[in-house]
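*Asks:* In the numbering used here, the protein residues as written are -18 to 98.
A virtual CB, placed ideally from N, CA and C, is assigned to each residue, including glycine.
My questions will all concern the structure given below.
Set out below in structure tokens:
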């Protein structure tokens, strides 16, 4: 399976269940592993035959600006479904980490995998 990956995508998100987290955005880091919808890009060399990662990051950024999530699990599931639905990936792994949320802990997060039925 051929994959596109993005590491340490830094975005702002409204995520959290605690009062201090509901008042503002906070930085999150995303790691994405995305199965390519097909192999045409290897023959054509055209971005139209793959997933345009700049467009993908812009879509995720826009959605995170418009939504609030209680848990990082919800945020990860939302991003996974967006990749599957809008970018036609057959499979995706999404890691979401909150940055600096706990004293003496650099990252707190979740990793999920989703695929098309």
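#1: Tell me whether the beta-carbon of residue 32 lies closer than 8 Å to the beta-carbon of residue 15.
#2: What first and last residue would you give for the beta strand (DSSP E) that runs through residue 74?
#3: At the level of alpha carbons, what is the spacing between residue 17 and residue 78?
#4: With three or more beta-carbon pairs closer than 8 Å as the criterion, would you say the region 40 to 49 touches the region -16 to -5?
#5: Evaluate residue 1 with the Cβ neighbour count: other Cβ atoms within 10 Å of its Cβ, from every protein chain shown; 16 or more gives buried, anything less gives exposed.
*Replies:* The short version:
#1: yes
#2: 72 to 83
#3: 24 Å
#4: yes
#5: exposed
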